[in-house]
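Numbering (UniProt numbering), first residue to last: 1 to 394.
Remarks on the structure that follows.
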Amino acid sequence: MKNGILYLLTAGAFVVGTAELVVAGILDRIAEDLNVTVGAAGQLIAAYSLAYAIGTPVIIAATSRLSRNALLIGSLALFALGCAVSVAADDYAIVVAGRVVLGVSSGIFSVIAFGAAAELVPPEKRGRAVGMVTLGMSAATVLGIPAGVLFANWGNWRTIFIWLCILTLLIMAGIRLWLPKLKGDAPVRFTEQFRVLRNPVIVSGFLLSGLFTTSASLMNSYQVPYLQDVLHSRESSVSALLLVFGLFGMIGSRLGGVATDKSGSKRIVVLGLAAIAAALILLPALSGSRPLGWATLAVWNGVMSLTIPAVLTYLIQQAPQSANIVLGFNTSMLHLGVALGASGGGALLQSAGTVRYHPWIAAAIALAGLVAAAASFAAGRRMRLRTARTGEAI
């Protein structure tokens, strides 16, 4: 039954991930329907991300004593409400409000789902469990935007949110029926929950996570222009290539969980970041050949997804009694990284006039993430030595 619950959590991750990504492919339809500009419709993405980044850690900290069951069901109910608003609202401001609701509820569900997945299995299988939920996010990356375009072509852009609402209610019912009782984090006063920010192991771990995501976002946000302008890929082949890259990402998510359990989160974080940097450094040199450039991007996508379960598992291992709180703060770092990477990539494109240099900048940021990882590991060793000396003194 635990595998069944993990599949439900993975399905939930797919649903909330799709809600985040689907808007990007149908901005023109939304703009036309709401009688606003495409730029104004694009602010729906920003509203979602800001709500996700700001609201998630605050609400997670405020509700840490509640059971994970209650938070999962409550967040899905709120998510279903956000979908319903997206379906019914004709006013732009109300649709924005619906995106805020979706952002907050998605953030809460994602954090609690990762924590619940880790708690459902023995410690030696946490990487697999986290990788399973990550697989849902990867699947949303592959299918989210194409699904939105498909439904918009069939009828109305709101149709996708009807189906997301229905799937959410089914997942919510499954979790209500089959998820065993999972406690919340250890009881801690609200203000004391922010003490994790004083822990150098966790803070440098957050920095690692943020740099990793910034590197990924800087390259991923401009992957299509790179395919078109540097690799000179035909427009008709870009969609197929993105699908292949997404499939590599899904495989990477699954393998990343297994590798984390077998080899340890620290080793996979180091190897993953090193491989990401190497692929990005080599990419411009290999881009003279389209097949080699495509293959390098496929490997980069796969390794990037492979590294995510290791990073999340590492953070959970540093504070297992406060996993929800740690993952909540990490969520903010992830979305900050996405924003910085996308905006930084845009500024680089504007100044250089080309995306040819994006891989090298992204590689430098990934290497900075490797330095942050080393700092986190070193801080952990110092804390263990200090604890051992204190124990000997007693």
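Just so it is clear, CB atoms sit at the ideal spot from N, CA and C, and this is done for glycine as well.
None of these values were measured; they are calculated from a predicted model.
**Nearest-angstrom Cα separation, counted from W300 out to L241** = Against the sequence shown, residue 241 aligns to sequence position 241. Against the sequence shown, residue 300 aligns to sequence position 300. Their Cα atoms are separated by approximately 13 Å.
**Asked** Is the beta carbon of Y222 sitting closer than 8 Å to the one on G345?
**Response** The residue labelled residue 222 in the question sits at position 222 within the sequence shown. The residue labelled residue 345 in the question sits at position 345 within the sequence shown. In contact: Y222 and G345 (Cβ atoms closer than 8 Å).
**Prompt:** Considering only C-alpha positions, which residue in the set S49, R389, N35, S75 is nearest to A93?
**Reply:** As a first step, residue 93 is located in the sequence shown; it is residue number 93 there, counting from the start. Minimum Cα distance to A93 is reached at N35.
**Asked** Nearest-angstrom Cα distance between G12 and A388?
**Response** Translated into positions along the sequence shown, residue 12 becomes position 12. Translated into positions along the sequence shown, residue 388 becomes position 388. G12 and A388: Cα-Cα distance of roughly 42 Å.
**Request:** For S204, count neighbouring Cβ atoms within 10 angstroms of its own Cβ and tell me buried if that reaches 16, exposed if not.
**Result:** As a position in the sequence shown, residue 204 is number 204, starting the count at 1. Burial call: buried.
**Residue from L273, L9, G293 whose Cα sits closest to the Cα of V230** = The residue you call residue 230 lines up with position 230 of the sequence shown. Residue G293 is the option with its Cα nearest to V230.
**Message:** Can you tell me whether G39 is buried or exposed? The criterion is at least 16 other CB atoms within 10 Å of its CB, across all chains shown.
**Reply:** Start at 1 with the first residue of the sequence shown, and residue 39 comes out as number 39. It is exposed - the Cβ of G39 has fewer than 16 other Cβ atoms within 10 Å.
**Item:** DSSP three-state assignment for T354, whether helix, strand or coil
**Value:** Here residue 354 refers to the residue found at position 354 when the sequence shown is read from its first residue. Correct three-state label for T354: coil.
**Request:** Write down the C-beta distance between G341 and A216 rounded to the nearest angstrom, noting that I regard them as a contact closer than 8 Å.
**Result:** Counting from 1 along the sequence shown, the entry for residue 341 is found at position 341. Counting from 1 along the sequence shown, the entry for residue 216 is found at position 216. About 7 Å; that satisfies the 8 Å criterion.
**Asked** So, are the CB atoms of G252 and V303 less than 8 Å apart?
**Response** Locating residue 252 in the sequence shown gives position 252, where the first residue counts as 1. Locating residue 303 in the sequence shown gives position 303, where the first residue counts as 1. Yes; because the gap between Cβ atoms is below 8 Å, this pair is in contact.
**Request:** Put R262 into one of helix, strand or coil per three-state DSSP.
**Result:** Here residue 262 refers to the residue found at position 262 of the sequence shown. Note that residue 262 corresponds to Lys in the displayed sequence, not to Arg. K262: helix per DSSP, three-state reduction.
**Asked** For H335, does the count of other Cβ atoms within 10 angstroms reach 16, so buried, or fall short, so exposed?
**Response** Here residue 335 refers to the residue found at position 335 when the sequence shown is read from its first residue. Under this definition H335 is a buried residue.
**Asked** Between I171, H232, I325, which lies nearest to R65 when the distance is taken from Cα to Cα?
**Response** Residue 65 sits at position 65 when you count from the first residue of the sequence shown. Answer by Cα proximity: I325.
**Message:** Under 8 Å: do the region 8–26 and the region 124–138 share three or more Cβ pairs, one atom per stretch?
**Reply:** yes
**Request:** Please state whether DSSP places I26 in a helix, a strand or coil.
**Result:** Here residue 26 refers to the residue found at position 26 of the sequence shown. Here I26 sits in coil by DSSP.
**Prompt:** Going along the chain, which residues of its own chain have a beta-carbon closer than 6 Å to the beta-carbon of M333, five neighbours each way excluded?
**Reply:** Here residue 333 refers to the residue found at position 333 of the sequence shown. Answer for M333: F206, S209, G210, listed in chain order.
**Request:** For W178, count neighbouring C-beta atoms within 10 Å of its own C-beta (all shown protein chains included) and say buried if the count is 16 or more, exposed if not.
**Result:** On the sequence shown, position 178 is the one that residue 178 refers to. It is exposed - the Cβ of W178 has fewer than 16 other Cβ atoms within 10 Å.
**Request:** Assign R254 to one of two classes, buried (16 or more other C-beta atoms within 10 Å of its C-beta) or exposed (fewer than that).
**Result:** Here residue 254 corresponds to residue number 254 of the sequence shown, with the count starting at 1. When all chains shown are included, R254 counts as buried.
**Simplified DSSP assignment, three categories, for Y222** = Residue numbering aside, residue 222 sits at position 222 when the sequence shown is read from its first letter. Correct three-state label for Y222: coil.
**Message:** Rounded to whole angstroms, what is the Cα-Cα separation between V121 and N153?
**Reply:** The sequence position of residue 121 within the sequence shown is 121, counting from 1. The sequence position of residue 153 within the sequence shown is 153, counting from 1. One C-alpha to the other measures close to 42 Å.
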